[in-house]
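Those sequence lines, one after another, are chains L and R.
Residues in the first sequence are numbered from 7 upward in steps of one, following this note's numbering.
Residues in the second sequence are numbered from 7 upward in steps of one, following this note's numbering.
Just so it is clear, CB atoms sit at the ideal spot from N, CA and C, and this is done for glycine as well.
One structure below.
There are 2 protein chains.
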Amino acid sequence: MNEGTVRVSLREVEEADLELLMAWRSNPLIYQHFTLQTGPLTWEEHLGWWLNRKHRKDWIVLLQGEEGVRRVGSVNASRLDEPMPEVGLYIGESTLWGKGVGRSALRQVLSKLAKDGYSRCWAGIQAANTRSQNLFESVGFRRRGSESAARLRYERDIEAPSNSSDSLRELSS
Amino acid sequence: MNEGTVRVSLREVEEADLELLMAWRSNPLIYQHFTLQTGPLTWEEHLGWWLNRKHRKDWIVLLQGEEGVRRVGSVNASRLDEPMPEVGLYIGESTLWGKGVGRSALRQVLSKLAKDGYSRCWAGIQAANTRSQNLFESVGFRRRGSESAARLRYERDIEAPSNSSDSLRELSS
C-alpha cells in the first residue's frame with residue numbers, strides 16, 4: 007500500500023466513537039507518545055476529557071479498505087480560540103503506521119484550518135517520537151524550539167485555499 | 007465498585023464491533039496474555055479470524071454505567087462441536103480489571119453452556135497469568151494439568167440449570 011492508493015477521510019467524532027477512542031488511548035503503543043499519560047485510562051477520565059473539551063475539534067480518521075470503510079485513528083485541532091491552533095494525531099490501528107494514513111489525515115486537517123481562516127498552526131511532539139516528527143516534517147512543519155526537554159515544537163504556515171486541487175498540491179509541497 | 011453493583015450483560019458480537027475488538031486485541035496489555043500472539047494485529051489478520059471462526063461463539067461484554075451501557079470486553083466459547091468446549095475471556099477496558107466484570111461475564115457464559123446441554127468445559131490460561139487463574143478458580147474451575155509449559159489447563163463441571171436463581175447460586179458456589 008502506498009499513499010496514492012490510500013483512501014482516507016475525516017468526520018467529526020461522535021459519542022458512539024467513545025469506546026473505540028478509549029481503547030486506542032489506553033494502548034501503551036499509542037499513549038507512550040502522549041505527553042501527560044503514563045497508563046491506560048479509566049472510563050471516567052476518558053469521559054471527562056470528552057465532556058470538558060473546549061475550543062477543540064476531534065475527527066475520526068476513516069480508511070476505505072477493500073471490504074468497507076473502517077475507523078483507524080483520530081486527528082484534532084485545539085486552541086481554536088488562539089491565532090495559532092495546535093494540531094494532534096494518532097493512528098490507533100498501529101500496524102498501519104508508515105503507510106501514509108496519518109499524512110493524508112494531517113493534510114486534510116490543514117485544509118480545514120485554512121478554510122476556517124487560520125494562517126499558522128503548531129504541534130507538540132515528544133523528542134523520542136521520531137516517526138511523528140518525520141510525519142509532520144513531511145507535510146511542511148518545521149521545528150521551532152522545544153515546549154520542554156521532552157517535547158519539541160513544530161510550526162507551519164497555512165496558506166489560504168484557492169481551489170481544492172491547488173490546496174492539495176500546495177499542502178503536499 | 008463491588009460485584010454486587012456491577013451490571014454486566016452479554017450479546018453476540020456483530021460486524022460493527024470489529025474495530026473495537028481489533029483495538030483491544032492489538033493492545034499489549036491484553037495480548038501479552040494470549041498464547042499465540044506477540045504483536046498488534048493487522049486488519050487482514052483480524053478479519054481473517056472473524057471470517058474463519060468455526061464452532062465458536064463470541065459475545066461482547068456490556069457494562070451498565072451511570073451514563074449508559076458500554077462495551078468493555080469479550081468472552082467466547084469455542085470447540086462447540088466437541089463434548090467439552092473451551093471458554094475464553096478478556097476485559098478490553100483494562101482499568102476495570104479486578105472489579106468483578108470478568109467474573110460476571112464468565113458466569114453468564116457458563117449458564118449459556120448449561121442451557122445448551124454441555125456438562126463440562128475447560129480453559130487454557132498462561133502460566134504467568136495469575137489474575138486470570140484466580141478469576142477462573144473463583145467461579146469453580148480447577149487446574150487439570152498443562153497444555154504446554156506456558157499454558158495451564160483448567161476444567162469445570164457445568165450442572166444443568168433448574169431455574170435461573172438456582173443456576174446463579176450454584177455457579178457462584
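Residue i and residue j: beta carbons closer than 8 Å?
i	j	result
Arg-126/R	Asp-163/R	yes
Ser-84/L	His-61/L	yes
Glu-25/L	Leu-26/R	yes
Pro-34/R	Leu-102/L	no
Leu-95/R	Val-78/R	no
Trp-30/L	Ala-29/R	yes
Val-93/L	Val-14/L	no
Ile-131/R	Arg-157/R	yes
Val-145/R	Leu-112/R	yes
Leu-116/R	Pro-91/R	no
Please compile the residues from chain L whose C-beta is within a distance smaller than 8 Å of the C-beta of residue i.
i	result
Arg-13/R	Residues of chain L passing the Cβ test: none, with the nearest at roughly 14 Å.
Glu-73/R	Leu-53
Ala-29/R	Leu-26, Ala-29, Trp-30, Asn-33, Gly-98, Glu-99
Arg-77/R	Glu-25
Which first and last residues belong to the beta strand (DSSP E) in which residue i is found?
i	result
Gln-70/R	63-71
Leu-16/R	14-18
Tyr-124/L	Here Tyr-124/L belongs to no beta strand (DSSP E), and DSSP marks it neither H nor E.
Leu-42/R	Careful: Leu-42/R lies outside any beta strand (DSSP E) and carries neither H nor E.
Leu-95/L	92-97
Glu-153/R	Taken as a continuous stretch (DSSP letters only), Glu-153/R belongs to no beta strand (DSSP E), as it is neither H nor E.
Listing by chain order, which chain R residues have their CB less than 7 Å from the CB of residue i?
i	result
Ser-100/L	Ser-32, Pro-46
My guess is that residue i and residue j are in contact by the Cβ rule of under 8 Å, so how many angstroms apart are they, rounded?
i	j	result
Glu-165/L	Phe-147/L	Going by Cβ atoms, the distance from Glu-165/L to Phe-147/L rounds to 14 Å, so no, they are not a contact pair.
Gly-49/R	Glu-21/L	The sequence as given places Trp at residue 49/R; Gly does not occur at that position. In fact, because the Cβ distance is near 24 Å, the residues do not count as touching under 8 Å.
Ile-66/L	Leu-16/L	7 Å
Leu-86/R	Lys-63/R	7 Å
Phe-142/L	Ala-129/L	6 Å
Leu-42/L	Ser-32/L	The Cβ separation is near 14 Å, so there is no contact.
Asn-135/L	His-39/L	5 Å
Would you kindly report the start and end of the unbroken alpha helix (DSSP H) that includes residue i?
i	result
Leu-112/R	107-121
Asn-140/L	136-144
Ile-164/L	From DSSP, Ile-164/L is part of no alpha helix (DSSP H); its letter is neither H nor E.
Leu-24/L	24-31
Gly-54/L	49-57
Leu-86/L	Where Leu-86/L is concerned, there is no enclosing alpha helix (DSSP H), given that its DSSP letter is neither H nor E.
Leu-35/R	34-37
Which chain R residues sit within Cβ distance under 8 Å of residue i?
i	result
Trp-56/L	Going along chain R, no residue has its Cβ under 8 Å from Trp-56/L, so there is no contact; the nearest lies around 11 Å.
Residue i touches chain L at which residues, Cβ-Cβ below 7 Å?
i	result
Trp-65/R	Simply none; closest approach about 16 Å.
Could you list which residues in chain L have their beta carbon closer than 9 Å to that of residue i, in chain order?
i	result
Trp-128/R	What Trp-128/R touches in chain L: nothing, since even the nearest Cβ is about 29 Å away.
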